[in-house]
Amino acid sequence: MTQSLSGQRRAETRLDAGTRGGPVVVVGAGPYGLSVAAHLRAAGVEVRVFGEVMGSWRHSMATGMFLKSTPAATDLSAPVPGGRLADFCRAAGEPELTELTPIPCETFVRYGMWFTQRYVGTVETSRVTAVERCGVGFAVRLEGGGEIEAAAVVVATGLATFAYIPGALLPLAPGGPGPRAVLSHTSQHTDLSEYAGQRVAVVGGGQSALESAALLHEAGADAEVLVRDARVRWGVRPKLQRPWGQRLAAPASPLGTGWALAAICGAPGAVRRLPAAARMQLFRRALGPSGGWWLRERVEGVVPVRTSCRVERAHRSGAEVHLRVGGAGGGPADHVVDHVLAATGYRLDVDALPFLAAPVRRAVGRVPGSQAPRLSGAFESSVTGLYFTGSLAAPMFGPMLRFVAGTEFAARRIAGRLARQGPRR
Ligand SMILES: Cc1cc2nc3c(=O)[nH]c(=O)nc-3n(C[C@H](O)[C@H](O)[C@H](O)COP(=O)(O)OP(=O)(O)OC[C@H]3O[C@@H](n4cnc5c(N)ncnc54)[C@H](O)[C@@H]3O)c2cc1C
């Protein structure tokens with residue numbers, strides 16, 4: 001009997017995947033890593049989780065920030081009922097959250113810690129410094145020198161390494177951006193009050209830009225927001241009770257109301273089957289930059305916001321920063337400030353993951369038109385046993401994967417697959 005080469009390869013791949021030794025290693029202990037780990041542990045799969053529990057929410061968000069998502073869209077995925085944000089609030093005696101209550105980041109961090117104790121158990125705080133191919137599995141190296149063999153690796157490291165700053169601003173910080181340089185990215189701050197009394201240009205028009213500007217202003221800084229688009233978009237205050245006609249015309253989803261969002265959120269697996277170009281269009285266009293409805297009164301008429309403008313050039317003169325601002329927005333072309341805060345988002349790029357060895361990175365197939373990984377229906381990349389979840393999976397499964405709301409779909413798919421084939425305790 002003969003077997004085609006591709007058929008033989010497929011059979012070998014299945015065999016490899018089923019016979020690899022060592023635990024599943026989850027790199028990252030944010031909402032996605034914790035949710036996958038919870039499901040794997042419940043399924044009896046040996047798993048080791050590395051990272052700081054809710055690390056990004058402790059170190060990449062400024063004090064005083066709130067989540068933009070609503071409580072119903074902010075649940076981590078637990079393998080059994082009882083692990084929702086509302087359950088945590090009840091158990092911890094925290095005030096009940098409604099659609100009209102912005103969630104403080106601190107509350108979300110406490111929820112993540114409670115969830116970890118209840119469903120995940122041990123999380124090892126060591127950072128993963130390298131993931132290399134080793135036989136049919138992986139060698140995972142840890143900060144401090146340890147090394148373990150893993151049958152499979154789930155990358156759940158969030159956005160931090162993808163922070164993007166436009167080229168026009170980069171000459172301001174030849175030594176790299178940061179809170180002590182004259183240029184920084186919003187992900188580098190936990191305390192914006194250090195800019196009290198300073199002139200700060202906030203570049204960007206999304207939630208990070210607008211909320212940072214509000215916090216800067218409230219801390220006594222002289223902030224101005226420079227927005228590329230012609231206007232700032234604001235979310236709409238949710239209605240607690242909607243008549244059935246409205247609910248039918250624009251059904252609710254974790255990302256907002258309307259049939260398009262409901263479809264995207266209801267069927268991320270179907271999004272994956274769309275042509276790559278359509279998926280990328282969805283990834284780029286759905287849910288563009290906007291500010292949360294509850295933030296509006298802290299910005300409009302309070303903090304100067306200049307729209308239709310673009311920073312064309314930036315240079316430093318002594319302690320001051322000179323920005324050349326072009327576009328139809330009017331206002332002075334030359335801007336002098338003490339600090340520039342880039343709220344300019346993130347660019348997904350597998351090559352920017354510092355811990356993936358170069359041969360592994362090279363072997364990860366990409367979504368056409370992006371540097372995000374091409375993934376199977378179970379979030380596995382073209383490198384057998386290497387999974388990606390969270391924002392990196394959004395160009396495959398749609399915008400829900402950029403948010404906590406995507407943890408349920410991702411965790412069940414990944415854990416389901418690994419539990420069927422993976423190593424057992
Ligand atoms: C400013 C801002 C506001 C946001 N607001 C919302 C919101 O309101 N609602 C919402 O749903 N989403 C929001 N998001 C999106 C949010 O990032 C995700 O929803 C969520 O945090 C993604 O979870 P994650 O587990 O993928 O990543 P993260 O939460 O970023 O967690 C990453 C984890 O990886 C760990 N890690 C990183 N590198 C390593 C390494 N080398 N070794 C070991 N561990 C490592 C970190 O310590 C951390 O534990 C926001 C994002 C930003 C930037």
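UniProt numbering applies: residue 1 is where the sequence shown begins, and numbers increase by one.
For each residue, glycine too, the CB sits at the ideal point set by N, CA and C.
C-beta contact flag for residue i and residue j at 7 angstroms
i: A78; j: Y111; result: no
i: A201; j: V303; result: no
i: V123; j: V49; result: yes
i: L392; j: L295; result: no
i: V325; j: H339; result: no
i: W234; j: G291; result: yes
i: residue 429; j: T125; result: Residue coverage of the chain in this structure runs from 1 to 425, which leaves residue 429 outside it and unanswerable.
i: V47; j: A37; result: yes
i: A405; j: P254; result: yes
i: E143; j: R127; result: yes
i: W293; j: R237; result: yes
i: A314; j: A168; result: yes
i: L341; j: S208; result: no
i: E96; j: T70; result: no
i: T190; j: T63; result: yes
Distance cut-off 6 angstroms: residue i Cβ against heavy atoms of ligand 1
i: G146; result: no
i: residue 429; result: It is not possible to answer for residue 429, since the shown part of the chain is limited to 1 through 425.
i: P31; result: yes
i: F403; result: yes
i: S69; result: yes
i: T98; result: no
i: R127; result: yes
i: E408; result: no
i: F283; result: no
i: S208; result: yes
i: V397; result: Checking the sequence shown, residue 397 turns out to be Phe, not Val. Checking the Cβ of F397 against ligand 1 gives no.
i: V27; result: yes
i: F355; result: yes
i: E52; result: yes
i: T157; result: yes
i: G204; result: no
i: G137; result: no
i: A56; result: In the sequence on display, residue 56 carries Ser and not Ala. Result yes, Cβ under 6 angstroms from ligand 1.
i: G83; result: no
Terminal residues of the alpha helix (DSSP H) in which residue i lies
i: G416; result: 407-421
i: D87; result: 85-92
i: R374; result: Segment: none, R374 is in no alpha helix (DSSP H) and carries neither H nor E.
i: V299; result: 296-299
i: L261; result: 259-266
i: F283; result: 276-285
i: V360; result: 358-363
i: A173; result: No alpha helix (DSSP H) holds A173; DSSP gives it neither H nor E.
i: A328; result: No alpha helix (DSSP H) holds A328; DSSP gives it neither H nor E.
i: A394; result: 394-397
Where the beta strand (DSSP E) through residue i begins and ends
i: Y387; result: 386-388
i: C105; result: Per DSSP, C105 belongs to no beta strand (DSSP E); it is in the alpha helix (DSSP H), 105-115.
i: F162; result: Careful: F162 lies outside any beta strand (DSSP E) and carries neither H nor E.
i: A201; result: 199-203
i: F138; result: 137-142
i: A152; result: 152-155
i: A319; result: Unbroken run through A319: none, as it is neither H nor E.
i: A130; result: 128-134
i: V340; result: 339-342
i: L183; result: 183-185
Cutoff 7 angstroms: residue i Cβ touching any chain D Cβ
i: P359; result: Here chain D cannot be found, since the structure has a single protein chain.
Say whether the stretch 212-229 touches the stretch 356-368, bearing in mind that this needs 3 or more beta-carbon pairs closer than 8 angstroms, one atom from each stretch. As far as the Cβ criterion goes, the stretch 212-229 does not touch the stretch 356-368, which means the pair count is below three.
Could you name each continuous alpha helix (DSSP H) segment of 4 residues or more that falls completely within the stretch 10-80, going from the start of the chain to the end? Fully enclosed alpha helix (DSSP H) runs of 4 or longer: 31-42, 55-59.
Answer yes if the stretch 298-317 comes into contact with the stretch 150-158, meaning at least three C-beta pairs across the two stretches below 8 angstroms, and no otherwise. Result no; under three Cβ-Cβ pairs closer than 8 angstroms.
Could you tell me which uninterrupted beta strand (DSSP E) segments, each at least 3 residues in length, are contained entirely in the stretch 206-251, listed from first to last along the chain? 222-226, all fully within the stretch 206-251.
Decide yes or no for the touch test of the stretch 342-360 against the stretch 160-169: beta carbon pairs closer than 8 angstroms, at least 3 of them. Counting Cβ pairs under 8 angstroms, three or more are found: they touch.
With a cut-off of 8 angstroms, do at least 3 Cβ pairs link the stretch 367-378 to the stretch 407-419? Below 8 angstroms, enough C-beta pairs join the stretch 367-378 and the stretch 407-419 to call them touching: three or more.
Evaluate the contact criterion for the stretch 254-263 versus the stretch 182-200: three or more CB pairs, one atom per stretch, below 8 angstroms. No, the stretch 254-263 does not touch the stretch 182-200.
Taking contact to mean at least 3 C-beta pairs separated by less than 8 angstroms, is the stretch 265-276 in contact with the stretch 390-410? Three or more beta-carbon pairs drawn from the stretch 265-276 and the stretch 390-410 are found closer than 8 angstroms, and the two stretches are therefore classed as touching.
Counting Cβ pairs, one atom from each stretch, are 3 or more of them under 8 angstroms apart for the stretch 21-33 and the stretch 135-145? A contact exists between the stretch 21-33 and the stretch 135-145.
Is it the case that the stretch 76-94 contacts the stretch 32-45, given that we only count it when at least three CB pairs across the two stretches are under 8 angstroms? These segments touch.
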